[in-house]
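Only one structure is covered here, and it is reproduced in the block below.
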Amino acid sequence: MNLHISRDNLLTTRAILNTVLRDDHGEPRYRIETSFEHTRENETTISRFLPETGTSGTKNPPAPSVKGNTAEETDILLRSLSEQEFAKIEWHRFHPTVFKWAGKTVEIDSYMPYSNTVMTKRAFTATDGKSYVWKLGTVRSSLTRNDGTTETPIATYHRGFFGLMGKTDKPYLEISSEGLNILDEIVVTFVYIERRRQQRERGT
């Protein structure tokens, strides 16, 4: 499964912090929204799009939010797709960033501590009881199991780029079938990891 980042601006971390993630069929799966204060990120909200109901069904009310690029979301508006907020990330510069989800508030170093001395890997235990580790690579981030049995990626971020003749390949997050049962957790931790990786890459 691939989740494609729909924002046009590929050259800033804000492309990841304010976007809709769509699957290979173009269906919206997640919304990522970030409030900005004094040009610095304050809080990121992650919501999932809910399955459409039949004409006789009752739709869940959408979570209140500030919508992103309207041109990229025409189908969402026309179909009146409902959303369910399930996680928040509070970004901090001088004290630990905080995750809020599943009724809990936890600091980043408690939920996803560094797992190596050079601080390029962060590990977490998912709801399936297994440990996973994100690696902040030089040009991409990737997720693997943290039990030493395999290095096969469960999730890998592929960067977008501008090609010849103005062609643009947008970035996407590739997720193996093994990761589908913890998809929400992969998306939330990915937002944190990739933002930090890009900051390191740019020296900010």
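Going by my numbering, the first residue of the sequence shown is number 1339, and it counts up by one from there. For every residue, glycine included, the Cβ atom is placed at its ideal position computed from N, Cα and C. Note that the coordinates shown come from a computational prediction; the quantities given were computed from them, not determined experimentally.
Where do the ends of the beta strand (DSSP E) carrying residue 1497 lie?
Residue 1497 -> no beta strand (DSSP E), and no H or E assigned at all.
Per DSSP, residue 1459 forms a beta bridge with which residues?
1473
What's the gap between the Cα of residue 1623 and the Cα of residue 1455?
The chain is shown from 1339 up to 1542; residue 1623 falls before or after that span and cannot be answered.
For the candidate residues 1446, 1538, 1358, whose alpha-carbon lies nearest to that of residue 1428?
1446
By the three-class DSSP mapping on this structure, what secondary structure does residue 1519 have?
helix
Since residue 1368 is in the beta strand (DSSP E), which residue starts that stretch and which ends it?
1366-1375
Have a look at residue 1451 and residue 1513 and give me their C-alpha separation to the nearest angstrom.
22 Å
Using the rule of at least 16 other Cβ atoms within 10 Å of the residue's Cβ for burial, across every protein chain shown, is residue 1340 buried or exposed?
exposed
Buried or exposed by the 16-neighbour rule on C-beta atoms within 10 Å, applied to residue 1533:
buried
Would you kindly check if the distance between the Cβ of residue 1493 and the Cβ of residue 1517 is under 9 Å?
yes
What do you reckon, are the CB atoms on residue 1411 and residue 1383 nearer than 9 Å?
no
Which residues does DSSP list as the beta-bridge partners of residue 1439?
1425, 1442
List the residues that DSSP assigns as beta-bridge partners of residue 1340.
1512
Our contact map puts residue 1439 next to residue 1425 with C-beta atoms below 8 Å; I'd like the distance itself, whole angstroms only.
4 Å
Quick check on residue 1448: does DSSP put it in helix, strand or coil?
helix
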